[in-house]
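Student: So that we are looking at the same thing, I have put the structure below in structure tokens.
Protein chains in written order, with the UniProt record's numbering: chain A, 1 to 294; chain B, 1 to 259.
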């Protein structure tokens with residue numbers, strides 16, 4: 001716009017001004033260096049674990065009662081024994097395979113259910129409140145009826161997982177759909193995305209952040225429900241999962257093994273979240289520019 | 001009463017025809033009239049701006065023409081489904097810039113092998129070659145609106161509706177996009193119905209400026225703009241006509257303070 005000879009030189013000028021503006025307004029995004037990731041993300045949890053271990057070691061001689069508080073070394077020994085006997089991975093796999101399979105079924109049921117509740121007014125009025133109410137019902141409450149209906153077997157475990165996880169997944173999708181900006185729906189309609197096409201190309205992808213949050217919570221609920229079911233309904237034929245391990249440790253009054261089982265339940269729950277759900281959530285948010293680095 | 005689509009065998013002498021269109025909404029205080037007896041013809045290839053202050057029902061009118069809503073009285077005829085561009089870019093953040101355009105092509109029934117190439121062409125038209133794989137949040141405001149324009153053009157409608165598309169941009173970017181829109185309009189031969197509350201913008205872009213009064217929206221006056229393109233927003237003839245239109249617009253607004 002250097003020239004003020006107004007009307008003639010406009011068009012070639014416009015392109016170059018535009019290119020300059022584009023260059024000025026587009027930031028350069030690079031990868032975070034590993035050192036920074038280490039200091040910000042990896043170091044803090046290591047420090048936290050070290051602090052817990054330190055407090056535990058200090059507390060152990062004060063309590064001075066291994067049947068109430070075992071030493072960190074004794075718990076480590078329990079892990080080592082289970083590993084040496086080749087049983088550790090078996091415990092984990094029994095529970096994880098149940099948990100993930102149950103979660104998968106919950107996904108298959110919760111997704112269409114959530115979509116139905118979100119999109120059909122009558123269904124929402126009918127079962128919407130029940131669905132969100134069910135989230136606050138501790139899933140352990142389902143164990144007794146599930147045992148009576150289905151007996152002591154794997155189907156009873158899956159039933160408890162479903163009852164725990166389906167409401168979370170469905171509710172996550174409902175809130176995801178509710179938060180879709182109306183502008184996207186208008187834009188979709190003008191582009192010709194109406195009816196089922198609108199659901200597929202606009203509503204579902206736009207609802208992804210809420211849906212993934214629901215999946216995350218659904219996994220937490222699946223895992224909790226499964227542990228409740230395994231602890232209450234332990235039965236030798238079912239194979240020893242982490243819940244049964246905990247229950248066996250209690251009946252044997254082996255406090256180190258109790259700690260072992262609790263830590264395993266905690267770690268597996270965290271590991272699945274860190275390995276599957278957190279990356280999924282980060283990917284969904286980052287691709288939309290919703291994960292802004294502080 | 002309904003939005004009808006012109007049949008192919010009819011001779012079409014307009015890209016959009018609004019005949020005695022009125023629209024009222026039900027409110028707690030009774031029926032509220034938003035648009036009153038609007039008749040506008042947009043000729044093929046014509047650039048018309050609708051100008052008005054708040055409450056003139058501009059956006060309601062565009063929704064009606066876009067077929068997103070139905071008029072209470074009157075009829076609206078367009079050829080096919082018009083493309084619509086909003087003040088916010090309304091690009092889908094889960095898709096890249098290029099995939100946003102490809103979705104518009106897909107919904108129009110363009111076969112998959114052709115989509116990528118067409119999207120690249122459209123990006124080139126808005127001078128964003130190489131932006132196909134960019135995420136929406138990686139683009140500046142001006143670039144987003146250009147992608148939105150490319151997506152609207154992907155509909156290959158011969159009528160483009162624009163709802164204050166540059167209102168949220170800074171002055172420099174807006175200026176550049178005026179040039180772009182004028183160029184693309186001239187290249188494609190589109191008819192454009194452009195809504196704005198910015199008088200200079202209206203005069204800068206249009207062949208015809210239609211001024212709407214507020215509450216309810218009625219056509220107050222029309223101006224033919226005979227200033228040759230390319231124009232600049234600071235050109236003397238643009239400023240002169242803008243001044244004249246602004247005076248009339250102020251008169252319209254003033255009436256509302258004198259109940």
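The C-beta atom is built at its ideal place from N, Cα and C for all residues, glycine as well.
The alpha helix (DSSP H) with residue 55 of chain A in it runs from where to where?
Tutor: For the purposes of this step, residue 55 of chain A is taken as residue 55 along the first chain, with counting starting at 1. It spans 43-63 - the alpha helix (DSSP H) in which residue 55 of chain A sits, taken as one unbroken run.
Student: Terminal residues of the continuous alpha helix (DSSP H) containing residue 204 of chain B?
Tutor: As a working note, residue 204 of chain B is residue 204 in the second chain. Per DSSP, the continuous alpha helix (DSSP H) segment holding residue 204 of chain B begins and ends at 199-205.
Student: Would you kindly report the start and end of the unbroken beta strand (DSSP E) that includes residue 20 of chain B?
Tutor: Residue mapping note: residue 20 of chain B aligns to position 20 of the second chain, counting from 1. Segment 16-27, the beta strand (DSSP E) holding residue 20 of chain B.
Student: Taking Cβ-Cβ distances below 7 angstroms as the criterion, which residues of the stretch 90-109 of chain B are in contact with chain A?
Tutor: 90, 92, 93, 94, 103, 104, 107 and 108
Student: Just how far apart, CA to CA, sit residue 195 of chain B and residue 289 of chain A?
Tutor: If you number the second chain from 1, residue 195 of chain B lands on position 195. If you number the first chain from 1, residue 289 of chain A lands on position 289. Straight-line spacing of the CA atoms in residue 195 of chain B and residue 289 of chain A works out to 30 angstroms.
Student: Would you call the stretch 21-28 of chain B and the stretch 73-91 of chain B touching, i.e. three or more CB-CB distances under 8 angstroms?
Tutor: yes
Student: Thinking C-beta only, is residue 243 of chain A closer than 8 angstroms to residue 231 of chain A?
Tutor: On the first chain, residue 231 of chain A is found 231 positions in, with the first residue counted as 1. On the first chain, residue 243 of chain A is found 243 positions in, with the first residue counted as 1. In this structure, residue 243 of chain A lies closer than 8 angstroms to residue 231 of chain A by Cβ.
Student: Counting along the chain, where does the alpha helix (DSSP H) carrying residue 266 of chain B start and finish?
Tutor: Nothing about residue 266 of chain B can be read from this structure; chain B reaches only from 1 to 259.
Student: Hey, would you say residue 154 of chain B sits closer than 8 angstroms to residue 105 of chain B, going by beta carbons?
Tutor: Counted from its first residue, the second chain places residue 154 of chain B at position 154. Counted from its first residue, the second chain places residue 105 of chain B at position 105. Contact flag set, yes.
Student: With a 10 Å radius around its C-beta and 16 neighbouring C-beta atoms as the bar for buried, classify residue 85 of chain A as buried or exposed.
Tutor: Mapped onto the first chain, residue 85 of chain A falls at position 85. Answer is exposed; the Cβ neighbour count stays below 16.
Student: Hey, residue 126 of chain B and residue 146 of chain B: beta-carbon distance below 8 angstroms or not?
Tutor: Mapped onto the second chain, residue 126 of chain B falls at position 126. Mapped onto the second chain, residue 146 of chain B falls at position 146. Against a cut-off of 8 angstroms, the Cβ pair of residue 146 of chain B and residue 126 of chain B comes out as a contact.
Student: Just reading off the beta strand (DSSP E) that residue 191 of chain B is part of, what are its end residues?
Tutor: Sequence index remark: in the second chain, residue 191 of chain B carries index 191 (1-based). Looking at the DSSP string, the run of the beta strand (DSSP E) that includes residue 191 of chain B is 191-196.
Student: For residue 189 of chain A, go through chain B and note every residue whose CB falls closer than 7 angstroms to its CB, in chain order.
Tutor: Locating residue 189 of chain A in the first chain gives position 189, counting from the first residue. Result: 68.
Student: Run through the stretch 36-80 of chain B for me and flag every whole beta strand (DSSP E) of 3 or more residues, listed as ranges in chain order.
Tutor: 47-51 and 73-78
Student: Kindly list the residues whose CB is nearer than 7 angstroms to the CB of residue 169 of chain A, restricted to its own chain and excluding five residues on each side of it in sequence; keep chain order.
Tutor: Position 169 of the first chain, counted from the start, is the residue given in the question as residue 169 of chain A. The answer, listed in chain order, is 106, 107, 110, 111, 114, 214, 215 and 218.
Student: At the level of alpha carbons, what is the spacing between residue 1 of chain B and residue 65 of chain B?
Tutor: Here residue 1 of chain B refers to the residue found at position 1 when the second chain is read from its first residue. Here residue 65 of chain B refers to the residue found at position 65 when the second chain is read from its first residue. Low local confidence applies: a pLDDT of 43 at residue 1 of chain B is under 50, so the model's placement there is unreliable, and no value is given.
Student: Would you say residue 179 of chain A lies against chain B (beta-carbon separation less than 8 angstroms)?
Tutor: Here residue 179 of chain A refers to the residue found at position 179 when the first chain is read from its first residue. No - not a single Cβ of chain B is within 8 angstroms of the one on residue 179 of chain A.
Student: In three-state terms, what does DSSP make of residue 249 of chain B?
Tutor: Position 249 of the second chain, counted from the first residue, corresponds to residue 249 of chain B. In the structure shown, residue 249 of chain B sits in a helix (DSSP, three-state: H, G or I).
Student: Please list the terminal residues of the continuous alpha helix (DSSP H) segment that includes residue 219 of chain B.
Tutor: Your numbering for residue 219 of chain B matches position 219 in the second chain. Unbroken run through residue 219 of chain B is the beta strand (DSSP E), 219-224; no alpha helix (DSSP H).
Student: Suppose you measure from the CA of residue 21 of chain A to the CA of residue 183 of chain B; what does that come to, to the nearest Å?
Tutor: Position 21 of the first chain holds residue 21 of chain A. Position 183 of the second chain holds residue 183 of chain B. So the two alpha carbons sit approximately 18 angstroms from each other.
Student: On a CA-only basis, which of B:170, B:116, B:17 and B:98 is nearest residue 149 of chain B? Give me that one, please.
Tutor: Stepping through the second chain from its first residue, residue 149 of chain B is reached at position 149. Closest option to residue 149 of chain B, Cα to Cα, is B:98.
Student: So, using beta-carbon positions, are residue 86 of chain B and residue 192 of chain B closer together than 8 angstroms?
Tutor: The residue labelled residue 86 of chain B in the question sits at position 86 within the second chain. The residue labelled residue 192 of chain B in the question sits at position 192 within the second chain. Not a contact, by the Cβ cut-off of 8 angstroms.
Student: By a C-beta neighbour count over all protein chains shown, 10 Å radius and 16 as the cutoff for buried, is residue 3 of chain A buried or exposed?
Tutor: One-based indexing of the first chain puts residue 3 of chain A at position 3. Legend: pLDDT at residue 3 of chain A = 41, less than 50; position of this residue unreliable, no value from coordinates given.
Student: Quick test of the definition: if touching needs 3 or more C-beta pairs under 8 angstroms, does the stretch 130-146 of chain A touch the stretch 195-206 of chain A?
Tutor: no
Student: So what's residue 175 of chain B in DSSP terms, helix, strand or just coil?
Tutor: As a first step, residue 175 of chain B must be located in the second chain, where it is residue number 175. DSSP places residue 175 of chain B in helix when its eight states are reduced to three.
Student: Using a Cβ-Cβ cutoff of less than 8 angstroms, which residues in the same chain neighbour residue 140 of chain B once the five nearest sequence positions on both sides are dropped?
Tutor: As a position in the second chain, residue 140 of chain B is number 140, starting the count at 1. Within its own chain, the residues whose Cβ lies closer than 8 angstroms to the Cβ of residue 140 of chain B, once the five positions on either side in sequence are excluded, are 173, listed in chain order.
Student: Checking 8 angstroms against the spacing of the C-beta atoms, do residue 209 of chain A and residue 96 of chain A come in under that value?
Tutor: Looking up residue 209 of chain A in the first chain gives position 209. Looking up residue 96 of chain A in the first chain gives position 96. Their beta carbons are not under 8 angstroms apart, which means residue 209 of chain A does not touch residue 96 of chain A by this criterion.
Student: Pick helix, strand or coil for residue 215 of chain B, following the three-state DSSP scheme.
Tutor: Your numbering for residue 215 of chain B matches position 215 in the second chain. Coil, per DSSP.
Student: If we define contact as Cβ-Cβ less than 8 angstroms, is residue 295 of chain A a contact residue for chain B?
Tutor: Outside the shown range of chain A (1 to 294) lies residue 295 of chain A, about which nothing can therefore be said.
Student: Let me check understanding here. Comparing Cα to Cα, which of B:218, B:83, B:144 and B:133 lies closest to residue 159 of chain B?
Tutor: Here the question's residue 159 of chain B lines up with position 159 in the second chain. For residue 159 of chain B, the nearest C-alpha among the options comes from B:83.
Student: Which first and last residues belong to the beta strand (DSSP E) in which residue 139 of chain B is found?
Tutor: Taking the second chain and counting its residues from 1, the one referred to as residue 139 of chain B is at position 139. It is not in any beta strand (DSSP E) - residue 139 of chain B carries neither H nor E in the DSSP assignment.
Student: Which residue's Cα is closest to the Cα of residue 237 of chain A: A:159, A:179, A:153 and A:149?
Tutor: Here residue 237 of chain A refers to the residue found at position 237 of the first chain. Minimum Cα distance to residue 237 of chain A is reached at A:153.
Student: Which chain B residues are close to residue 22 of chain A, counting only those with a beta carbon under 7 angstroms from its beta carbon?
Tutor: Taking the first chain and counting its residues from 1, one reaches residue 22 of chain A at position 22. Neighbours of residue 22 of chain A in chain B, taken as residues whose beta carbon is under 7 angstroms from its own, are 140 and 143 in chain order.
Student: Can you list, in chain order, the residues of the stretch 212-231 of chain A whose Cβ is nearer than 8 angstroms to any Cβ on chain B?
Tutor: none
Student: With the cut-off set at 8 angstroms, would you say residue 58 of chain B and residue 96 of chain B are in Cβ contact?
Tutor: By 1-based counting over the second chain, the position of residue 58 of chain B is 58. By 1-based counting over the second chain, the position of residue 96 of chain B is 96. Cβ distance not < 8 angstroms, so residue 58 of chain B and residue 96 of chain B don't count as in contact.
Student: How close, in whole Å, do the beta carbons of residue 98 of chain A and residue 157 of chain A come, if the pair is a contact with beta carbons under 8 angstroms?
Tutor: Walking along the first chain from the start, residue 98 of chain A turns up at place 98. Walking along the first chain from the start, residue 157 of chain A turns up at place 157. Contact holds; Cβ gap of about 6 angstroms.
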